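K.L.:
Using the UniProt record's numbering, the first residue of the sequence shown is number 1, and each one after it goes up by one. Glycine included, every Cβ here is placed at the ideal spot set by N, Cα and C. Just so it is clear, the structure is predicted and the values come from calculations on it, not from any experiment. Have a look at the structure that comes next, please.
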Amino acid sequence: MAACNFSGLRSISHRIFIIGLPVLLLVQLLVSLTVPRASSDASGDEPAFLVISIEKSVSSASSEVRKHERDLETGVLGLWTDEEDSRLTGYQDENELEGRQAAARELILQPWASEHPSFFAELQRLTQFITTTEVNCSVVQDSDGNQSTHSPGHLDVLCINHWKGKWGCVAYSFSLDGKDAAFLDTVLYAGCEVHRFDPSGRGSREPASIKNHRAWLDWRNPRRHAGLVGNVQHRLLDIMDSLGHTMVDVLRMDLESAEWRILESWIKDGTLRRINQLILTIHMQWAGFEVGGAEEEVVRFWYSVLRALRISGLRLVHSAHGPGHIVLRHKLADSHSSYTLSWIRTSEQPR
């Protein structure tokens, strides 16, 4: 009897296995067909997951700064068609702009001096900046050959304690009609290798230790010439390469209103960081060569250029105004048509 029951159970199990296996296979097939179809209907034949893209927002002010940088690359200064857009940079943090300017090879315009762009507000800020000195020299050299520890009392005095006797001294002078006679005496007394640049040749002078070049500065990329050929304009970087100089210890320039574009080009090509002391005459009777725009835009551009000197590591050590009181055709009792500024690099720079 037990044998018969066991045999019956085996027969029933065998039948269940034979019938159940096809059923399980059918269920699995139905599931595999149903699930992909549902995913396909929900996502349009795309994979059944989502990709979330987070874009970094860029403020309109930052976009405007880049717009001005593109303008500078094309040689357009201050000629902005959208007045409201051109004012947006006024609401950026000035320290943020300085950090970006230090790493940039383009001029970044500084914020406006006031909420609403104003010629007089811009001029007041510029004047305060160029008349506030930051450095007191511990060793000075004058045009009579004297050295002392007194602060410079006139523009012919050089602040030499940051560079004299370390690697020798190289001095450049860009001036017309012999206006740099006292400066040349000063750098000769300081023991400098002196190079004078005047395309007219009228300012050539002795002694022979002064190397005269009938060449002039340009901010563009003029055609290359072998050496410093007479009456040819050159970028400062090319002049330095021709003379074998990687640094200039002191450079004096009076460029009759071309200084704004020259300085801007030095910011672009990095030449500004190769100058340890800069004696610069700025002219403000008119906007300057190839500088245009509304009056407040021009003065803001001037301020941005001079601010870039400070950001590069130069510090104002002396300031003196010239004759006249005309600034962009305005006669102003408290302003002057020109200033001569002396800047010194106080940090050591690699040679």
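Tell me which residues share the same chain as E296 and place their Cβ nearer than 7 angstroms to its Cβ, disregarding the 5 neighbours each side in the sequence.
P.N.:
Looking up residue 296 in the sequence shown gives position 296. Cβ within range, chain order: P117, S118, F119 and E122.
K.L.:
Tell me where the beta strand (DSSP E) around S338 begins and ends.
P.N.:
Position 338 of the sequence shown, counting from 1, holds the residue named residue 338. S338 to R345 is the extent of the beta strand (DSSP E) around S338.
K.L.:
Do the CB positions of L217 and F183 come within less than 7 angstroms of each other?
P.N.:
The count along the sequence shown starts at 1 and reaches residue 217 at position 217. The count along the sequence shown starts at 1 and reaches residue 183 at position 183. Result no, Cβ atoms of L217 and F183 do not sit closer than 7 angstroms.
K.L.:
What number of angstroms, rounded off, separates the C-alpha of M247 from the C-alpha of S304?
P.N.:
Numbered from 1 along the sequence shown, position 247 holds the residue referred to as residue 247. Numbered from 1 along the sequence shown, position 304 holds the residue referred to as residue 304. The alpha-carbon atoms of M247 and S304 are separated by roughly 24 angstroms.
K.L.:
Ignore the nearest five residues each way along the sequence and tell me which others in residue 356's own chain have a CB closer than 6 angstroms to its CB.
P.N.:
An answer regarding residue 356 cannot be provided, because it is not within the stretch 1 to 351 covered by the chain.
K.L.:
With contact counted as at least three CB pairs below 8 angstroms, one residue from each stretch, are the stretch 131 to 143 and the stretch 192 to 203 in contact?
P.N.:
Flag = no, the stretch 131 to 143 and the stretch 192 to 203 do not touch.
K.L.:
Which of the three DSSP states is assigned to S312 in this structure?
P.N.:
Here residue 312 refers to the residue found at position 312 when the sequence shown is read from its first residue. Reduced to three states, the DSSP call for S312 is coil.
K.L.:
Give me the Cα-Cα distance between V170 and V250, rounded to the nearest whole angstrom.
P.N.:
Here residue 170 refers to the residue found at position 170 of the sequence shown. Here residue 250 refers to the residue found at position 250 of the sequence shown. Cα to Cα, V170 sits roughly 7 angstroms from V250.
K.L.:
State buried or exposed for E134, treating a residue as buried only when at least 16 other CB atoms are found within 10 Å of its CB.
P.N.:
Taking the first residue of the sequence shown as position 1, residue 134 is located at position 134. So E134 counts as exposed.
K.L.:
Would you mind sorting E264 into buried or exposed? The rule is 16 or more other CB atoms within 10 Å of its CB.
P.N.:
On the sequence shown, position 264 is the one that residue 264 refers to. Classification for E264: buried.
K.L.:
When the Cα atoms are used, what is the spatial distance from D254 to I311?
P.N.:
Working through the sequence shown from its first residue, we reach residue 254 at position 254. Working through the sequence shown from its first residue, we reach residue 311 at position 311. One C-alpha to the other measures close to 22 angstroms.
K.L.:
How about H283 and S338: do their beta carbons lie closer than 7 angstroms?
P.N.:
Translated into positions along the sequence shown, residue 283 becomes position 283. Translated into positions along the sequence shown, residue 338 becomes position 338. Yes, the Cβ-Cβ distance between H283 and S338 is below 7 angstroms.
K.L.:
With distances taken Cα to Cα, identify the nearest neighbour of G270 among S138, A215, H318 and L236.
P.N.:
Locating residue 270 in the sequence shown gives position 270, counting from the first residue. Checking every option, the nearest Cα to that of G270 belongs to L236.
K.L.:
Going by DSSP, what residue range makes up the beta strand (DSSP E) through F174?
P.N.:
What you label residue 174 is simply residue 174 of the sequence shown in a count that begins at 1. It spans V170 to F174 - the beta strand (DSSP E) in which F174 sits, taken as one unbroken run.
K.L.:
List the endpoints of the continuous alpha helix (DSSP H) containing R235.
P.N.:
Within the sequence shown, the letter at position 235 stands for residue 235. Careful: R235 lies outside any alpha helix (DSSP H) and carries neither H nor E.
K.L.:
Thinking just about the alpha-carbon of each residue, which of N136, E290 and H245 is nearest to the one in E256?
P.N.:
In the sequence shown, counting from the first residue as 1, residue 256 sits at position 256. When only C-alpha atoms are compared, the closest one is E290.
K.L.:
In terms of residue numbering, what span does the alpha helix (DSSP H) encompassing H186 cover?
P.N.:
Stepping through the sequence shown from its first residue, residue 186 is reached at position 186. Here the sequence assigns Thr to residue 186, which means His is not the residue at that position. First-last of the alpha helix (DSSP H) with T186: A181 to Y189.
K.L.:
Please classify G288 as buried or exposed, where buried requires at least 16 other C-beta atoms within 10 Å of its C-beta.
P.N.:
As a working mapping, residue 288 is identified with position 288 in the sequence shown. The residue is buried, with at least 16 neighbouring Cβ atoms inside 10 Å.
K.L.:
Grab the span of the alpha helix (DSSP H) containing I279 for me, first residue to last.
P.N.:
Numbered from its first residue, the sequence shown carries residue 279 at position 279. Careful: I279 lies outside any alpha helix (DSSP H), inside the beta strand (DSSP E) at Q277 to H283.
K.L.:
Report the option in L107, G313, K331 and Q124 whose CA atom is closest to the CA atom of R274.
P.N.:
The residue you call residue 274 lines up with position 274 of the sequence shown. Nearest C-alpha to R274: G313.
K.L.:
Note down, in chain order, each residue of its chain lying with its Cβ closer than 8 angstroms to the Cβ of residue 364, except the 5 sequence neighbours on either side.
P.N.:
Residue 364 lies beyond the stretch modelled for the chain, which goes from 1 to 351, so this question has no answer here.
K.L.:
How far does the beta strand (DSSP E) with W216 in it extend, from its first residue to its last?
P.N.:
To locate residue 216, count along the sequence shown from 1; it is residue 216. Note, W216: beta strand (DSSP E), A215 to L217.
K.L.:
Taking only the alpha-carbon atoms, compute the straight-line gap between D241 and H213 and give it to the nearest angstrom.
P.N.:
Locating residue 241 in the sequence shown gives position 241, where the first residue counts as 1. Locating residue 213 in the sequence shown gives position 213, where the first residue counts as 1. Roughly 15 angstroms separates the two Cα atoms.
K.L.:
List the whole-angstrom C-beta distance separating W343 from L309, where the pair is believed to meet the contact cut-off of C-beta under 8 angstroms.
P.N.:
Counting from one through the sequence shown, the residue named residue 343 turns up at place 343. Counting from one through the sequence shown, the residue named residue 309 turns up at place 309. Confirmed, Cβ separation roughly 6 angstroms.
K.L.:
Tell me which same chain residues have a C-beta within less than 6 angstroms of the C-beta of R196, skipping the five on either side of it?
P.N.:
Here residue 196 refers to the residue found at position 196 of the sequence shown. So the qualifying residues of the chain are S173, I210 and N212.
K.L.:
Quick check: the Cα distance between residue 368 and L341, rounded to an integer number of angstroms?
P.N.:
With the chain running from 1 to 351 in the structure shown, residue 368 is simply not present.
K.L.:
Helix, strand or coil: how does DSSP classify R274 here?
P.N.:
Against the sequence shown, residue 274 aligns to sequence position 274. The answer is helix: DSSP assigns R274 an H, G or I state.
K.L.:
Looking at C-alpha atoms only, which residue of F301, A333, H336 and H321 is the closest neighbour of E106?
P.N.:
Against the sequence shown, residue 106 aligns to sequence position 106. Looking at the Cα atoms, F301 is the closest of the given residues.
K.L.:
Taking its Cβ as the centre, do 16 or more other Cβ atoms sit within 10 Å of S138, making it buried, or is it exposed?
P.N.:
Residue mapping note: residue 138 aligns to position 138 of the sequence shown, counting from 1. S138 is exposed by the Cβ-count criterion.
K.L.:
In the DSSP output, which residue or residues are listed as bridge partners for M253?
P.N.:
Here the question's residue 253 lines up with position 253 in the sequence shown. Note: M253 sits in a beta bridge opposite F174 and L280.
K.L.:
Does F289 come out as helix, strand or coil in the three-state DSSP assignment?
P.N.:
Residue 289 sits at position 289 when you count from the first residue of the sequence shown. DSSP places F289 in coil when its eight states are reduced to three.
K.L.:
So, at 6 angstroms on beta carbons, what are the nonlocal neighbours of H245 in its own chain, with the 5 sequence-adjacent residues on each side left out?
P.N.:
For the purposes of this step, residue 245 is taken as the residue at position 245 of the sequence shown. Hits under 6 angstroms: V170.
K.L.:
Shortest alpha-carbon distance to L176 belongs to which of G168, N221 and R252?
P.N.:
For the purposes of this step, residue 176 is identified with residue 176 of the sequence shown, where counting begins at 1. Measuring from the Cα of L176, the nearest candidate turns out to be R252.
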